[in-house]
Ligand code: SF4
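Residue numbers (the working numbering): 648 to 924.
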C-alpha cells in the first residue's frame, strides 16, 4: 500500500534540509496525513511557500507548488485562487515570513475571507537566517537581534486573525500531531480563510539561546503548556498566562467568501455593460 508520505512527497528531493529534532518535518507530516484523508488531487492543489525553514516544505511536496518571495506567499496564493477557484490552495509560512514581512498580507487575506488555508509554523525565531527575533519571539527571549532579551510583546496570532476576519482559526502543536492533522484537514474543508498556527520547535537557532534545551524538552514544553480551547474558556487570564490555547478557536460559516462576493460584483459590471441593470 502506498503511504501518504510516498504519495505526496518528492522523495527524490530528500534528504531534507531541516536540522535533527526540528518541528518542521512533524508539521509537514501532519499535513501529509491530512492530505491523504482529504484525498487531495495533485493537479488541482496548489501549495505556496514563502521563505524560511518552514516554507521550504513546499519544495518537498508533489503538488503544484510555488516557492514564493519573502512574505508574499499569500499574495501569490490569492492570485492563484482568483485565477483557478476550483483549486485547493494552501500556504506554508513561518512566523518571520507570515507575521513580520508578510503580516499585512495575512490580515488582508483574513479580511477578504478568501478560500485559502494558511498553515503558519510558529517557532518563535527566524531559523533559516541565523536566529533573529520574530514577532512571535516572547518577551525576554534571546536572539541574535535581541542579545539581552526581547523587549517587545509577541502577537497572539489566533486572536489577530480572528479579529481580522478569518473564519476558521485553530492552533495545534508539533507534539500533538494527530490533533494538528485534524485541524489542518478541517481547515482545508472549510470554505473561507482558514488559519492554523502550528507551534513548532527550533532546537538549533531558538534552542541554543533559550530554555528548554533540546528537541525532546521543547516538545514536552508544548505538551505541558497546551490547554484545549474548551478548558481555556473556564480559566482566568492569570491561569492562562504562558499557556498555548489549542484546538479549534473560532469558526464562522456564514460570512461571505471573497470569490463569491467578487463574482457578484463581476455580474453587476456585466449587467451595466449589457444595459440590463
Ligand atoms: Fe528547524 Fe531551526 Fe534548523 Fe530551521 S534552524 S531547520 S527551524 S531547527
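We put the CB at the ideal spot given by N, CA and C, even for glycine. From a predicted model like this one, the values you see are computed outputs, not experimental measurements.
Any heavy atom of the ligand SF4 closer than 8 Å to the Cβ of residue 780? Sequence index remark: in the chain shown, residue 780 carries index 133 (1-based). With a cut-off of 8 Å, the C-beta of residue 780 is classified as distant from the ligand SF4, since no heavy atom of the ligand falls inside that distance.
Tell me whether the beta-carbon of residue 735 lies closer than 9 Å to the beta-carbon of residue 835. Here residue 735 corresponds to residue number 88 of the chain shown, with the count starting at 1. Here residue 835 corresponds to residue number 188 of the chain shown, with the count starting at 1. Yes, they are a contact pair.
Flag this pair as yes or no: are the beta carbons of residue 827 and residue 821 separated by less than 9 Å? Working through the chain shown from its first residue, we reach residue 827 at position 180. Working through the chain shown from its first residue, we reach residue 821 at position 174. Yes, the pair counts as a contact, with Cβ atoms nearer than the cut-off.
From the DSSP output, in three-state form, read off residue 791 for me. As a first step, residue 791 must be located in the chain shown, where it is residue number 144. When secondary structure is reduced to three states using DSSP, residue 791 falls in the coil class, being assigned neither helix nor strand.
Hey, how far is the Cα of residue 788 from the Cα of residue 772? Start at 1 with the first residue of the chain shown, and residue 788 comes out as number 141. Start at 1 with the first residue of the chain shown, and residue 772 comes out as number 125. If you take the alpha carbons of residue 788 and residue 772, they lie about 9 Å apart.
Using only the alpha-carbon positions, how far apart do residue 857 and residue 742 sit? In the chain shown, counting from the first residue as 1, residue 857 sits at position 210. In the chain shown, counting from the first residue as 1, residue 742 sits at position 95. So the alpha carbons of these two residues sit roughly 17 Å apart.
Can you check whether the CB of residue 832 is closer than 9 Å to the CB of residue 685? Along the chain shown, read from residue 1 onward, the residue named residue 685 stands at position 38. Along the chain shown, read from residue 1 onward, the residue named residue 832 stands at position 185. Yes, they are a contact pair.
Straight-line CA distance for residue 633 to residue 801? Because the chain is modelled from 648 through 924, residue 633 falls outside the range shown and cannot be assessed.
In its own chain, which residues sit with a C-beta less than 6 Å from the C-beta of residue 727, not counting the 5 before and 5 after it? Taking the chain shown and counting its residues from 1, the one referred to as residue 727 is at position 80. Contacts found: 693 and 736.
Just the C-alpha distance for residue 910 and residue 921, rounded to the nearest angstrom, thanks. Here the question's residue 910 lines up with position 263 in the chain shown. Here the question's residue 921 lines up with position 274 in the chain shown. Cα atoms of residue 910 and residue 921: separation of roughly 16 Å, rounded to the nearest angstrom.
Cutoff 8 Å; reference residue 875; Cβ partners in own chain excluding five residues on either side: Against the chain shown, residue 875 aligns to sequence position 228. Result list for residue 875: 892, 893 and 894, in chain order.
Just verifying my parser: in three-state terms, what is the DSSP assignment at residue 774? Indexing the chain shown from 1 puts residue 774 at position 127. Here residue 774 sits in coil by DSSP.
Helix, strand or coil for residue 755, going by three-state DSSP, please let me know. Taking the first residue of the chain shown as 1, we reach residue 755 at position 108. Of the three classes helix, strand and coil, the one that applies to residue 755 here is helix, per DSSP.
For review: beta carbons within less than 6 Å of any heavy atom in the ligand SF4: With the criterion CB distance below 6 Å from any heavy atom of the ligand SF4, the matching residues run 665, 666, 669, 671, 700, 770, 774, 775, 849, 850, 851 and 852 along the chain.
One question on the structure: do residue 862 and residue 667 come within less than 9 Å of each other, judged by their Cβ atoms? Within the chain shown, residue 862 is the residue found at index 215, counting from 1. Within the chain shown, residue 667 is the residue found at index 20, counting from 1. Yes, the pair counts as a contact, with Cβ atoms nearer than the cut-off.
Helix, strand or coil: which one does DSSP assign to residue 909? Start at 1 with the first residue of the chain shown, and residue 909 comes out as number 262. In this structure, DSSP gives residue 909 a helical state, which the three-state scheme calls helix.
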